[in-house]
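Worksheet: one structure, shown below.
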Amino acid sequence: MAILEGINLVEEKIYQNKLTFIRPKSIKEKPMESVKYFSFAWSRFFAGLIFIGFGIADFILLGHLIGHQNEESIGIYVGQGNAVFLGGVSFFYTVGLVPLLIGLWLIIFAVFSAYKGDLSRSESSYYFHEKRPISPQFTELRQSGIKGLRYQNNHLGPKKIWYFLLIPMSIRVLQFGFPLFGEHRAADEILPTMMVLTALGNFLALFLLVFFPQKFIEFSTSEKIYKSWIAPLSIGNIFNDSLLKTLKFSKKNAETPEEISSLLNGKFSEGFHQSLNVDVKSQNNYFRLILGGFLLVISVISLSFEILFSTGFSLIGATYGILLIVQAYNNDFAEKISIYLIPKTKILNYSKIFKNKIHIEKISDVDEVGINQHFRKFDILDIISTSILLYLSAFESILDWKYNDIASPLIMVDVFFTVLFCSCLLLLLMYYWLIPVSTLSIKVGDEKLNLEIPVNSSFKQIFSNTVKKLKKSTQEPQNKKLFFLRAGIFVVIYVIALIFALLI
Amino acid sequence: MRIQKKKHIKRNSTLITGLILIPIILIAGYFGLYFYMVGELTSFIYEAEPSTDEFYPLEEINETTLRSIANEFEYLQEEYHIPMNLSQVVTFNATTGKPILYHSDDNGALHTSEALTATCLRYASLPEGAEKDDALRLIKKMLTGLQMLIEVPNGGLGPDYPGTIIARFYASPDMRNDGNYTWLFDEYFRHFNGTGKYSQWRCRLYTSKDELAGYFMAIAACLKLVDNPYVQNITKLIIGQFTEGMLKSFYQEVSGDGKPNGVHFQWPTQGQWKLLVMRMAITAYPENDRYKQIYNYYLFTEKYITKYPSIGNSDLIDNYYSNYFELCVIFGLMIVEENQEIIDIYVNNYEESTHPAFKGHRNAFLNAVYLAMCEMRSPDIEPSYNLDKIAWDVKDQLWRFVEFDLCPYDTTFGGLNRTISREEKGAEWLEVDPNIAKWKNFVDTNPIGKMYQWATYGLMDGIFKTRYLKPATVEMSSPTKILWNRNPFTEDGVNQYNNSQTITQYHGASFSLPYWILVYYGYFGGN
């Protein structure tokens, strides 16, 4: 059923990314609601400024010499050392060049992606006008054709690559930089200071990039998906409220919702429903946060003290750990979850709010909605990171155990904790990969959509639920195959690690 | 707004993935071709197999004569080459025979260490007696030189002093007016004053890896082979100092201005460097559990045990000297390692990864170290190569010092005043690797090849140097501080000397080092 009912739609030309600064004159319908904004990726811009600032400072203070000092092929020596090899390059190239290039790119991106936007709604259509300086675009969407609508600001998507681009590099810079403080023959501390500050600047810029991503809006029809990243300059919730009003999404339901404390208890947890109107009070799932924190802590300890796990493991562990922590913040906590399925219109309104993070879905033609257990979805970065961490932790633990020097108490302690943490990591990752999580299952015709939603879990509940979920997931056909596939991959990785370690 | 047809999502994802992969594939292809080219240019080295037909017959190689040469070189070392405890090249007045110049040296640490290692091996091979006392005296002198190389720039000796700087050379204030050492008092980016009580001394810094490699090898030799209390004490202080220095600086070598000079032992440096530093520290400070834990960490957690020690093959045709100094580190590591299981793994790793590239070089040091490693390995493990042939190879090269009267090792070259050229030895000695011309032509003329000129004529500018298929022997190479860090495949043997006024003499480590390795590890009699 269309979102807008009972309107005779006139067959007209639909504009799809038409290049125009001016609203096409052929559009007769006047907008009933609209939200105007100026989109400027300020987080990218300020992150870019940070990168450029430190990059330029490194260029000036650390020099740009390439070659031996007396030969001076490019640049001159400014007394801040050489990197990579004797007569190599100045530290600018290893510390400041990449941030400088990234910063330039971000500034260019922020400037050229800025535009004046106008999202409006008429009786029958939505109009999305992006007045970009170089390619202004105008798009029209028929309300009757829209099957789904999403608006969120907790979605990173491909931006996860920032973690892997910035974190390992910054950690290495800190590792090389910190030890240079207090060098007895150094007349100044410029080099270590700039190395540490640049690395910290990278982390600050990363914080801006991942905690303040652009907002993501997506419309889907039966044939197409329309999506855009927008970064409106506004304070507080002014833009959100205007946008939601324009999209006819009300945070407050017409009927009074039932307030419940958990989606897993009582009538709402069982089976599917053809109507639903609940507000769920704050939900906090700490698991991903714990997993991320655990990885980060053991990686930092390993890197700082040359103990427990290797550098390779620790760089990936720290990166993936921070990524999980941010994902947890984005997805695993909610101050309020609203689920409202209108039986007549078959439109589902879903919203999840946590501090400044908002996730809204509006789906039409919904037959049923319910809470189910499904495995988390992982992308290629999750798969690669987890595989590497599993393999390395297993391999290193087995090797440490095999060649354990029992005469040395410190080695015994190191090995003991390495094996202990490896076991903890295995259990945590198994839980993360093999135990299904609560999802909002939405039946739309023959299709089923699953939205991962946070659910309160105490430690006792995690354990008892785990056993239940494990039993269930190995029985349900839809989950059984995936469970055994994932479990099989875990086993294969461990067996390979064992074989290679024992062959040494 | 981005608009995608649902049915095209997978196709578009594939296209985008492809677009991202295309530059990656192009870059990989570009470098892949370069590595293929380098692989072809080094392929002949893997195939090189010296023929024993070209060796002096074993029955002609007189061990007694070799021993007397070795002893002579030791005498010359003490008599002429260590005026201030660092090994130096000396020039004599051709008429009077008196030394007139001690040469400046950028590699004082390396060359002193070569000679010191040889003497340590000699010391450990000898029974108690006068010869052993002579060796000990020489060891103490050269060890003093190495001691000053770490003491002067850091202001003192021992782990309580900084240990991030090891000098190439040093001079005391009273040497300022000594013509042999005024060069150190010149202003130059490598020359600095010492620290603390040595602030009036001079030292040459900006120290490279070859210096450090030799230094560590010699210290390892002193630690394990010389049981004298004085030597042990100084060695342990040196080890404690540079161990704490390296741990503090994240293994970055520092120059005179207190800033890193680019030399470090972190990846991609081979792991044997860190292993050697920590293994020496364990032996010197057995009560320090932290050193054991760190060594264990590198060996097992960082997985160095799976592949080290090894030397990459990128320097087989360019920067050949780096193979030599990496092997110094490996030899040092083998000397100090005590766990038989780990020794076996080390030797196995080296034998599989590195020796195949070195077996045909006729490099007496490379071969001697491999022989030593095989001797250290458990007797039930069969070596992959014919040790008798390799030992013969080394002995043959050493015997050429006798045949061509190269003791002393100087520019008179046994009275010939020149080296033996390839042309004299025969046409087969002039055969050049045909791949050089092929790839040079490709890089010079082919449009794709021209994209590699920045590397072949810049970064690896020795890649198209003439390389002969047969490696040079001792009599073809000009006398030098150490023969075994030179590329034997590029030596043409055309070296002429005018000794009418002066004669320049080099220390004999080119002979002594491989010789005493063979003696100590039982490949010669008298052990």
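Which chain is which? The protein sequence lines are A and B, in order. In short: position in the first sequence from 1, add 2, done, that's our numbering. In short: position in the second sequence from 1, add 278, done, that's our numbering. By construction, the Cβ of each residue, glycine as well, lies at the ideal position given by its N, Cα and C atoms.
For residue i, the nearest candidate out of the options (CA to CA)
i, options, result
"residue 143 of chain A", "A:114, A:132, A:126", "A:126"
"residue 745 of chain B", "B:722, B:734, B:712", "B:712"
"residue 458 of chain A", "A:446, A:164, A:440, A:293", "A:440"
"residue 368 of chain B", "B:374, B:376, B:380", "B:380"
"residue 557 of chain B", "B:527, B:702, B:517, B:384", "B:517"
"residue 466 of chain B", "B:533, B:429, B:435, B:649", "B:533"
"residue 283 of chain A", "A:354, A:189, A:122", "A:354"
"residue 318 of chain A", "A:116, A:430, A:302", "A:302"
"residue 360 of chain A", "A:152, A:75, A:109", "A:152"
Cβ distance (whole Å) where residue i is taken to contact residue j below 8 Å
i, j, result
"residue 25 of chain A", "residue 157 of chain A", "With a Cβ gap of about 29 Å, residue 25 of chain A and residue 157 of chain A do not count as contacting."
"residue 570 of chain B", "residue 560 of chain B", "6 Å"
"residue 546 of chain B", "residue 481 of chain B", "Not really, about 29 Å apart at Cβ, beyond 8 Å."
"residue 605 of chain B", "residue 589 of chain B", "7 Å"
"residue 204 of chain A", "residue 172 of chain A", "4 Å"
"residue 340 of chain A", "residue 243 of chain A", "The pair is not a contact, with the Cβ atoms about 15 Å apart (cut-off 8 Å)."
"residue 63 of chain A", "residue 97 of chain A", "About 10 Å separates the two Cβ atoms, so there is no contact after all."
"residue 35 of chain A", "residue 123 of chain A", "5 Å"
is_contact[residue i, chain A] using C-beta, thresh 7 Å
i, result
"residue 280 of chain B", "yes"
"residue 527 of chain B", "yes"
"residue 377 of chain B", "no"
"residue 603 of chain B", "no"
"residue 621 of chain B", "no"
"residue 539 of chain B", "yes"
"residue 382 of chain B", "no"
"residue 575 of chain B", "yes"
"residue 805 of chain B", "Only weak support is given to the placement of residue 805 of chain B: the predicted model assigns it a pLDDT of 39, under 50, and the value that follows is read from those uncertain coordinates. Not one chain A Cβ lies under 7 Å of residue 805 of chain B."
"residue 625 of chain B", "no"
"residue 571 of chain B", "yes"
"residue 656 of chain B", "no"
"residue 283 of chain B", "yes"
"residue 434 of chain B", "no"
"residue 584 of chain B", "yes"
"residue 301 of chain B", "no"
"residue 767 of chain B", "no"
"residue 290 of chain B", "no"
"residue 535 of chain B", "yes"
"residue 632 of chain B", "no"
"residue 609 of chain B", "no"
Chain B contact for residue i (CB, 7 Å cutoff)
i, result
"residue 410 of chain A", "yes"
"residue 8 of chain A", "Unreliable positioning characterises residue 8 of chain A in this predicted model, as indicated by a pLDDT of 42, which lies under 50. The coordinate reading is nonetheless provided below. Not closer than 7 Å to any Cβ of chain B, the Cβ of residue 8 of chain A fails to qualify, so no."
"residue 225 of chain A", "yes"
"residue 186 of chain A", "yes"
"residue 258 of chain A", "no"
"residue 86 of chain A", "yes"
Secondary structure of residue i, DSSP reduced to three states
i, result
"residue 569 of chain B", "helix"
"residue 274 of chain A", "strand"
"residue 221 of chain A", "strand"
"residue 657 of chain B", "coil"
"residue 481 of chain B", "strand"
"residue 466 of chain B", "coil"
"residue 497 of chain A", "helix"
"residue 452 of chain A", "strand"
"residue 273 of chain B", "Residue coverage of chain B in this structure runs from 279 to 805, which leaves residue 273 of chain B outside it and unanswerable."
"residue 290 of chain B", "helix"
"residue 488 of chain A", "helix"
"residue 540 of chain B", "strand"
"residue 372 of chain A", "strand"
Counting only runs of 4+ residues fully inside the stretch 77 to 151 of chain A, write out the alpha helix (DSSP H) ranges in chain order. 99 to 114
Minimum length 3: unbroken beta strand (DSSP E) runs contained in the stretch 328 to 411 of chain B: 368 to 371, 377 to 380
In chain order, which continuous runs of the beta strand (DSSP E) of length 3 or greater are located wholly inside the stretch 34 to 79 of chain A? 35 to 41
Curious, which full-length beta strand (DSSP E) runs of at least 3 residues does the stretch 480 to 518 of chain B contain? 480 to 482
4-residue-minimum alpha helix (DSSP H) runs that sit fully inside the stretch 173 to 255 of chain A, ordered along the chain: 192 to 213, 240 to 248
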